[in-house]
Amino acid sequence: MTVVEVLFLLLGLVAVGSALLVVTTRTMVHAALWLVVTLGAVAGIFLLLAAEFLAWVQILIYVGAVVVLLLFALMLTKAPTGPQPDLDARRALPAVAVAGLVLAVLGTTVVAGFHGVELDLDGAVVGSAQTTGATIFQQWVLPFEVLSVLLLAALVGAIVLSRGTARRGGE
Amino acid sequence: MPLWWPLLLSSLLFAIGVYGVLVRRNAVLVLMGVELMLNAVNLNLVAFDAYFRDVLHGGQTFALFVIVIAAAEIGLGLAIVLLVFRTHGQIDVDTMRELADREEPAVAER
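These protein sequence lines are chains L and X, in that order.
Under my numbering, think of the first position of the first sequence as 9, with each following residue one higher.
Under my numbering, think of the first position of the second sequence as -8, with each following residue one higher.
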């Protein structure tokens, strides 16, 4: 086994373990913090798979912005900091069944479909900021612009949602 | 490394996200499950980008776009969650049933 494979297995174990803790922990704040570990491990896997710029974007956007937003939402909704017994639905068995079915279908598909296919990472073009920026602004400009409009729409939507309650609360 | 390693890891993360979305009652924790699923998709895109040696880096670029969409989604989602919290006082997704299409007798009972 090469160093990359060992690192991948370790990071994958960390990602799956912390993801399991995200969906099973009884303390809401801990779920957000375990999400940081999961996203960080996935960012490490991005680094292994020659997606350098994407790994740092993952750290910046997900760990830096999304998890902070989630923690703020937990704070603003007065989430209790201690362990909660009723965080999960009363009947968890259907959820386990559906998730297991999803895993079975996806897992058998990818393993059966790509068994024996090697992922050769030697000499792969590393997706650095330079190469990613060049491809985005040369080949993918139109989707990029559409996404900026989408972000603007999301911004306006979030402002409208918050303003609506402020006016109603003031009446 | 075999290609199915990252793909299987991505399937695992996706299934865990599905479980989280289905089983959690707090709306913020449901959104965390959605984030896990989006990350699994990104992992798939990056793995295939590395496999195909795409000169346009289509996989990585789309993963970047998915991250942007996830950021927009989480911003709007949390705005809606906070709105629900202000109007209802709690964000338990099991109790939010106002949008259900009720039969006429059920309305009369209220």
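Backbone N, C-alpha and C define an ideal beta-carbon position, used for all residues, glycine too.
Note that the structure is predicted; figures quoted are calculated from it, not measured.
Point to revise | Same chain, Cβ closer than 8 Å to GLY131 of chain X, five either side skipped, listed in chain order | key: Because chain X spans -8 through 101 in this model, residue 131 of chain X falls outside it and cannot be assessed.
Practice item. Report the residue from X:THR86, X:GLY80, X:ARG15 and X:ILE60 whose alpha carbon sits nearest the alpha carbon of LEU159 of chain L. Key: The residue you call residue 159 of chain L lines up with position 151 of the first sequence. When each option's Cα is compared against that of LEU159 of chain L, the closest is X:ILE60.
Check your understanding: Going along the region 139 to 173 of chain L in order, which residues come within less than 7 Å of chain X, judged by CB to CB distance?
Key -> THR139, THR140, THR143, ILE144, GLN147, TRP148, PRO151, LEU155, LEU158, LEU159, ALA162, GLY165, ALA166, LEU169, SER170 and THR173
Review point. Taking the alpha carbon of ALA137 of chain L as the point to measure from, which residue in X:HIS48, X:ASP92 and X:ILE71 has its own alpha carbon closest?
Key: Your numbering for residue 137 of chain L matches position 129 in the first sequence. Considering only alpha carbons, the answer is X:HIS48.
Review point. So with Cβ pairs under 8 Å, would you call ALA103 of chain L a contact of chain X?
Key: Taking the first residue of the first sequence as 1, we reach residue 103 of chain L at position 95. Interface residue, yes.
**Study point:** Residues in the region 22 to 42 of chain L having any Cβ partner in chain X nearer than 8 Å
**Key:** ALA23, VAL24, ALA27, LEU28, VAL30, VAL31, MET36, ALA39 and ALA40
Review point. Within 10 angstroms of its Cβ, does PRO102 of chain L collect 16 or more other Cβ (buried), or is it exposed?
Key: Mapped onto the first sequence, residue 102 of chain L falls at position 94. Under this definition PRO102 of chain L is an exposed residue.
Point to revise | Proximal residues to GLU179 of chain L (C-beta, below 6 Å), its chain only, five neighbours per side dropped | key: For this step, residue 179 of chain L is matched to residue 171 along the first sequence. Unreliable placement is indicated for GLU179 of chain L, whose pLDDT of 44 sits below 50; the coordinate value is still reported in the next sentence. Result list for GLU179 of chain L: empty, nothing under 6 Å.
Exercise for review: Please list the partners that VAL72 of chain X has in chain L, where partner means a Cβ-to-Cβ separation under 8 Å.
Suggested key: Numbered from 1 along the second sequence, position 81 holds the residue referred to as residue 72 of chain X. The contacting residues are ALA81 and THR85.
Exercise for review: Assess, as a yes-or-no matter, whether the region 74 to 94 of chain L is touched by the region 33 to 42 of chain L under the definition of 3 or more beta carbon pairs within less than 8 Å.
Suggested key: yes
**Study point:** Residues near VAL22 of chain L by beta carbon distance below 6 Å, same chain, minus five either side
**Key:** The count along the first sequence starts at 1 and reaches residue 22 of chain L at position 14. So the list reads ALA49, once near-sequence residues are dropped.
Review point. Can you tell me the Cα-Cα spacing of ARG101 of chain X and ALA91 of chain X, whole angstroms?
Key: Within the second sequence, the letter at position 110 stands for residue 101 of chain X. Within the second sequence, the letter at position 100 stands for residue 91 of chain X. Residue placement at ARG101 of chain X cannot be trusted, given a pLDDT of 47 that sits under 50; the coordinates are not used to answer.
**Study point:** Residues in the region 4 to 26 of chain X having any Cβ partner in chain L nearer than 9 Å
**Key:** LEU4, PHE5, ALA6, ILE7, GLY8, VAL9, TYR10, GLY11, VAL12, LEU13, VAL14, ARG15, ARG16, ASN17, ALA18, VAL19, LEU20, LEU22, MET23, GLY24 and GLU26
**Study point:** Beta carbon proximity, ARG101 of chain X to chain L, threshold 8 Å
**Key:** Indexing the second sequence from 1 puts residue 101 of chain X at position 110. With a pLDDT of only 47 at ARG101 of chain X, under the threshold of 50, the placement of this residue in the model should not be trusted; the figure read from the coordinates follows. Not one chain L Cβ lies under 8 Å of ARG101 of chain X.
Practice item. Round the Cβ separation of VAL12 of chain L and TRP(-5) of chain X to the nearest angstrom and send it over; I've been treating them as touching at under 8 Å. Key: Against the first sequence, residue 12 of chain L aligns to sequence position 4. Against the second sequence, residue -5 of chain X aligns to sequence position 4. With 8 Å as the limit, VAL12 of chain L and TRP(-5) of chain X do not qualify as a contact, their Cβ atoms being about 15 Å apart.
Exercise for review: For GLU153 of chain L, name the three-state secondary structure that DSSP assigns.
Suggested key: Against the first sequence, residue 153 of chain L aligns to sequence position 145. It is helical.
Check your understanding: Name the DSSP beta bridge partners of GLU126 of chain L, please?
Key -> Along the first sequence, read from residue 1 onward, the residue named residue 126 of chain L stands at position 118. Partner(s): X:PRO(-7).
Practice item. Decide if THR10 of chain L is buried, meaning its Cβ has at least 16 other Cβ atoms within 10 Å, or exposed. Key: Start at 1 with the first residue of the first sequence, and residue 10 of chain L comes out as number 2. That one is exposed.
Check your understanding: Cα-Cα, which of L:THR32, L:SER156 and L:LEU150 is closest to ILE58 of chain X?
Key -> On the second sequence, position 67 is the one that residue 58 of chain X refers to. When only C-alpha atoms are compared, the closest one is L:SER156.
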